[in-house]
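If you use my numbering, the sequence shown corresponds to residues 6 to 333, in order.
Report on the structure given below.
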Amino acid sequence: MDAGNHSVVSEFFLMGFASSWEIQILLFLFFTIFYIASMLGNLLIVLTIISDHHLHSPLYFLLANLSFIDTGVSSIATPKMIYDLFRKHKVISLKGCITQMFFIHTVGGAEMVLLIVMAYDRYTAICKPLHYLTTMSPRMCICLLAVAWTIGLIHSVVQLAFVVNLPFCGANEIDSFYCDFPRFIKLACIDTYSLQFLIMANSGFISMGTFFILIVSYIFILVTVRKHSSGGLAKALSTLSAHITVVVFFFGPCIIVYVWPFSTLPLDKFLAIFDAIITPSMNPVIYTFRNKEMKVAMRRLFVKALSFRKSRVMQSKKFRLILTIIGN
Ligand SMILES: *[C@@H]1O[C@H](CO)[C@@H](O)[C@H](O)[C@H]1NC(C)=O
């Protein structure tokens with residue numbers, strides 16, 4: 006039998022939250038505010054780091070890349086989610102669904118590997134400071150970034166390869182805001198038990214594995230710092246606590262969604278909001294409001310922008326003056 010012939014369903018309905026108008030408006034405000042804050046915050050970080058040569062170090066380049074990825078993460082599902090809130094039939098095409106899953110997993114996978122790279126960066130800076138600049142050379146940074154994106158892409162394509170040809174022949178309601186493998190697979194009209202296991206193994210493994218690598222590396226860094234100096238511990242703790250916060254907020258929901266995906270807890274839907282909207286907007290808050298160097302750099306950028314405007318205004322005045330002279 007050719008599985009492709011079965012596909013009579015070409016659209017899915019996202020259930021979202023079926024609830025009162027008041028709650029829809031509340032959700033609308035919540036999603037919109039978080040989305041705008043996330044985009045502005047992350048773009049500001051990228052802009053500040055790229056434009057300020059004081060921040061041209063591996064750590065900041067990695068942070069800029071994390072922010073860049075976060076703008077991607079929050080843009081995959083959120084705009085449609087906001088748009089859908091007030092639509093009666095929240096339709097998404099099969100292609101749209103597959104596109105969402107592709108980007109969620111590519112970008113999400115890249116972000117996970119990037120977090121490991123950042124932990125490695127901190128480990129080298131704190132535990133092997135003399136080798137830091139040679140280990141984390143610009144070339145190495147670019148290499149590690151390429152690895153992160155490649156792993157993200159492979160992680161995504163491997164899973165998609167198994168689901169693109171699934172036959173759908175009836176059920177078409179996805180009880181969520183956006184498409185993701187656990188709920189999508191359940192709608193297929195064949196037995197998907199082994200497929201569910203495959204997704205769980207892949208997505209579950211990458212989120213659990215990354216989580217443990219990160220936690221172990223943080224513990225390792227803290228133990229190393231404690232052995233060498235008691236004063237350094239406080240400083241290391243304050244740097245790492247930011248990273249650990251991101252990690253817990255990012256991986257907690259992921260692990261619950263993918264490792265117990267097919268019990269389909271109603272909780273999943275709410276946790277999905279975390280990874281789609283809340284976590285990507287938390288990174289700017291954690292990194293910029295706590296980091297003195299970033300704050301100084303932002304002030305410099307702001308001053309530069311102001312003086313640029315001033316000089317533009319003066320130039321245009323001069324230009325107008327010349328025009329009037331010529332005109333006369
Ligand atoms: C990502 O990191 C690379 C290498 O360190 C850097 O050249 C690039 O500017 C960064 N990208 C962004 C968007 O910050």
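Even for Gly, the Cβ is constructed at its ideal location relative to N, Cα and C.
Would you mind working out which of I190, L99, K95 sits nearest E16, comparing C-alpha positions?
Closest option to E16, judged by alpha-carbon separation, among I190, L99, K95: L99.
Would you please state the rounded distance, in angstroms, between the beta carbons of S212 and F256? I believe it to be under 8 Å.
Confirmed, Cβ separation roughly 6 Å.
Taking 7 Å as the cut-off, is the C-beta of V14 nearer than that to any heavy atom in ligand 1?
With a threshold of 7 Å, the Cβ atom of V14 does not count as near ligand 1, since no heavy atom of the ligand is closer than that.
If you measure from the CB of I55, is any heavy atom of ligand 1 nearer than 7 Å?
It does: the Cβ of I55 is within 7 Å (strictly closer) of some heavy atom of ligand 1.
With a threshold of 8 Å between beta-carbons, can L238 be considered close to chain C, or not?
Absent here is chain C; the protein component of the structure consists of one chain.
Taking 7 Å as the cut-off, does the CB of A151 come closer than this to any heavy atom belonging to ligand 1?
Of the heavy atoms belonging to ligand 1, none sits nearer than 7 Å to the Cβ of A151.
Spatially closest choice to I74 from M303, P289, P172, by CA coordinates
Comparing alpha-carbon positions, the option among M303, P289, P172 lying closest to I74 turns out to be P289.
Boundaries (first-last residue) of the beta strand (DSSP E) holding I97:
Segment 96 to 98, the beta strand (DSSP E) holding I97.
What do you reckon, are the CB atoms on S199 and R188 nearer than 8 Å?
Taking 8 Å as the Cβ cut-off, S199 and R188 do not qualify as a contacting pair.
Skipping 5 residues on each side, what residues in its chain have a beta carbon closer than 8 Å to that of L335?
Residue 335 cannot be examined here, being either before or after the span of the chain that is shown, 6 to 333.
Identity of the residue in L272, S25, H59 nearest M299 by Cα:
The shortest C-alpha to C-alpha distance from M299 to any of L272, S25, H59 is the one to H59.
Curious, which full-length alpha helix (DSSP H) runs of at least 4 residues does the stretch 84 to 119 contain?
Annotation: the stretch 84 to 119 contains no complete segment of the alpha helix (DSSP H) (minimum length 4 residues).
Below 8 Å between beta carbons: does that hold for F217 and I260?
With contacts defined by Cβ atoms closer than 8 Å, F217 and I260 do not form a contacting pair.
For Q164, count neighbouring C-beta atoms within 10 Å of its own C-beta (all shown protein chains included) and say buried if the count is 16 or more, exposed if not.
Label assigned to Q164: buried.
Just tell me which of H136, C184, T111 has its CA closest to the CA of T155.
Ranking the options by Cα distance to T155, first place goes to T111.
Tell me the DSSP secondary structure of I179 in three-state form.
Strand.
Spatial neighbours of V252 in its chain, beta-carbon cut-off 6 Å, leaving aside the 5 residues before and after
For V252, where only same-chain residues beyond five positions count, the Cβ hits under 6 Å are L219.
So, F186 versus V162, is the Cβ gap smaller than 8 Å?
The beta carbons of F186 and V162 sit no closer together than 8 Å.
What are the complete alpha helix (DSSP H) segments, minimum 4 residues, inside the stretch 145 to 174?
Complete alpha helix (DSSP H) runs here, min 4: none at all.
Buried or exposed, going by whether 16 or more other CB atoms sit within 10 Å of the CB of S62?
Result: buried.
With a threshold of 7 Å, establish whether the CB of V51 neighbours any heavy atom of ligand 1.
Indeed, a heavy atom of ligand 1 lies less than 7 Å from the Cβ.
Close beta carbons around P84, own chain, < 8 Å, minus the five adjacent residues each side
Same-chain partners within the cutoff: Y40.
Do the stretch 134 to 154 and the stretch 238 to 253 meet, that is, are 3 or more Cβ pairs less than 8 Å apart?
The stretch 134 to 154 vs the stretch 238 to 253: no contact.
Using alpha carbons as the reference points, say which of I224, V264, T37, I179 lies closest to F202.
Checking every option, the nearest Cα to that of F202 belongs to V264.
Host beta strand (DSSP E) of F18 (start-end):
Judged by DSSP secondary structure, F18 falls within the beta strand (DSSP E) whose first and last residues are 16 to 19.
Looking only at its own chain, which residues have a Cβ that is under 8 Å from the Cβ of M319, when we skip the five neighbours before and after it?
Result list for M319: empty, nothing under 8 Å.
Residues near A8 by beta carbon distance below 6 Å, same chain, minus five either side
Unreliable positioning characterises A8 in this predicted model, as indicated by a pLDDT of 46, which lies under 50. A coordinate reading is not provided.
If I'm right that L34 touches I97 with Cβ under 8 Å, what's the distance once you round it to whole angstroms?
With 8 Å as the limit, L34 and I97 do not qualify as a contact, their Cβ atoms being about 23 Å apart.
Between the Cα of A82 and those of A277, K309, R314, spot the shortest distance and give me the residue it belongs to.
Out of A277, K309, R314, A277 has the C-alpha closest to the C-alpha of A82.
Extract the residue ranges of the alpha helix (DSSP H) inside the stretch 217 to 273, only unbroken runs of 4 or more that lie entirely within it.
If we require 4 residues or more, the alpha helix (DSSP H) runs fully inside the stretch 217 to 273 come out as 236 to 264.
May I have the straight-line CA-CA distance separating V78 from M106, to the nearest angstrom?
Approximately 12 Å between the Cα atoms of the pair.
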